[in-house]
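I have placed the structure first, in the form of structure tokens, so that the comments after it can refer back to it.
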DNA sequence: GCAACGCATGCAATCGTAGTGCATTATTTC
DNA sequence: GAAATAATGCACTACGATTGCATGCGTTGC
Ligand SMILES: [Mn+2]
Ligand SMILES: [Mn+2]
Ligand SMILES: [Zn+2]
Ligand SMILES: [Zn+2]
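Chains as they are written, first to last, in our numbering: chain A, 1 to 137; chain B, 1 to 137.
In structure tokens form, the structure reads like this:
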């Protein structure tokens with residue numbers, strides 16, 4: 001349990017009981033989760049508290065939000081090099097149209113994009129939809 | 001006006017009064033629009049009718065939806081080669097963090113993505129956020 | 001022309017998620 | 001331990017998406 005506390009403190013997040021539960025839950029996930037997912041899995045937790053917990057996590061560079069085109073925001077743990085000053089784990093997200101799961105693909109790099117003249121890039125979101133490895137078989 | 005009717009019929013969409021109004025409006029836009037945008041601009045139109053109109057357009061390959069991370073779905077006219085069997089105008093979308101407009105960049109091609117083994121790509125959504133040419137100055 | 005049919009439209013209502021306000025509770029500081 | 005500060009829980013609001021249903025309207029067969 002001390003391990004979880006340390007992970008929070010490294011990101012300057014005070015380790016409350018609720019936050020430890022949420023972090024523990026996030027560490028066990030293999031795909032990005034919505035607030036509703038969390039609410040269902042972690043019984044007895046208030047949705048708004050979860051909302052503010054992941055918001056805090058996001059602001060401190062512990063989780064990033066994933067936009068997978070379903071309309072509901074999902075969250076996943078960041079790679080280690082994210083901080084409160086910004087998220088640096090630029091990677092692809094994959095949405096499986098069969099199992100509806102959304103995966104981070106941190107190994108898959110985003111290629112350089114040539115924008116038209118005058119456009120100034122600040123951020124890139126690359127979402128690939130299709131069948132995940134488990135569903136393809 | 002016959003021109004508009006023809007455009008609908010080419011996509012197998014029956015040209016009703018409402019649909020002509022919506023298509024005319026979409027042709028005049030320089031950025032993707034939300035249902036609320038349409039509702040405000042086209043007075044006296046019912047939101048649900050607009051919803052179903054663009055849905056019909058989308059199903060027939062006349063418009064495509066644009067997910068720009070704002071949480072609200074936007075729509076824009078397709079390139080000519082989209083049909084009811086699928087949208088084929090794979091291109092980048094650009095969201096300007098200053099003016100909040102979302103542009104299709106149909107000239108900017110999406111580079112090839114190498115996915116991990118087992119993943120099967122069906123669709124790609126590439127969203128770039130930053131400053132548009134007008135706002136950068 | 002007219003009746004019957006099917007699709008399009010408009011209105012009301014529901015649903016689901018995001019977000020805010022505020023009182024209560026826990027934690028830190030002195 | 002008391003005061004100050006931060007986190008939590010509950011109530012409620014906001015808003016876009018979506019459905020159900022009644023009505024309107026154009027097309028077709030007669
Ligand atoms: Mn990710
Ligand atoms: Mn587009
Ligand atoms: Zn899958
Ligand atoms: Zn702009």
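Ideal Cβ positions, reconstructed from N, Cα and C, are used throughout, including at glycine.
Supposed contact pair residue j and residue i - C-beta distance, whole angstroms, cut 8 Å
i: residue 121 of chain A; j: residue 66 of chain B; result: Their Cβ separation, rounded to whole angstroms, is 18 Å, which puts residue 121 of chain A and residue 66 of chain B out of contact at 8 Å.
i: residue 22 of chain B; j: residue 50 of chain B; result: 7 Å
i: residue 63 of chain A; j: residue 76 of chain A; result: 6 Å
Residues sharing a beta bridge with residue i, DSSP
i: residue 32 of chain A; result: Looking at the DSSP assignment, residue 32 of chain A forms no beta bridge with any residue, so it has no partner.
i: residue 96 of chain B; result: B:130
i: residue 120 of chain B; result: A:131
i: residue 77 of chain A; result: A:63
i: residue 83 of chain B; result: B:86
Alpha-carbon spacing of residue i relative to residue j, whole angstroms
i: residue 91 of chain A; j: residue 126 of chain A; result: 7 Å
i: residue 26 of chain A; j: residue 124 of chain A; result: 24 Å
i: residue 24 of chain B; j: residue 114 of chain B; result: 40 Å
i: residue 87 of chain B; j: residue 36 of chain B; result: 24 Å
i: residue 132 of chain B; j: residue 89 of chain B; result: 21 Å
i: residue 78 of chain B; j: residue 98 of chain B; result: 25 Å
i: residue 82 of chain B; j: residue 81 of chain A; result: 41 Å
i: residue 2 of chain A; j: residue 52 of chain B; result: 54 Å
i: residue 8 of chain B; j: residue 56 of chain B; result: 11 Å
i: residue 39 of chain A; j: residue 6 of chain B; result: 50 Å
i: residue 45 of chain B; j: residue 107 of chain B; result: 33 Å
i: residue 134 of chain A; j: residue 134 of chain B; result: 45 Å
Near ligand 6: residue i beta-carbon under 7 Å from a heavy atom
i: residue 66 of chain A; result: Although ligand 6 was asked about, the structure shown includes only ligand 1, ligand 2, ligand 3 and ligand 4 as ligands.
Exposure label - residue i; buried when at least 16 CB within 10 Å
i: residue 100 of chain B; result: exposed
i: residue 47 of chain A; result: exposed
i: residue 70 of chain A; result: exposed
i: residue 61 of chain B; result: buried
i: residue 136 of chain B; result: exposed
i: residue 102 of chain B; result: buried
i: residue 117 of chain A; result: exposed
i: residue 68 of chain A; result: buried
i: residue 14 of chain B; result: exposed
i: residue 11 of chain B; result: buried
Pick from the options that is closest to residue i, judged by C-alpha positions
i: residue 73 of chain B; options: B:22, B:105, B:43, B:54; result: B:54
i: residue 58 of chain B; options: B:117, B:96, B:19; result: B:19
i: residue 130 of chain B; options: B:93, B:2, B:9; result: B:93
i: residue 28 of chain B; options: B:109, B:17, B:9, B:42; result: B:42
i: residue 96 of chain A; options: B:109, B:106, B:119, B:111; result: B:119
i: residue 105 of chain A; options: A:31, A:52, A:7; result: A:31
i: residue 17 of chain B; options: B:4, B:107, B:10; result: B:4
i: residue 109 of chain A; options: B:112, B:11, B:134; result: B:112
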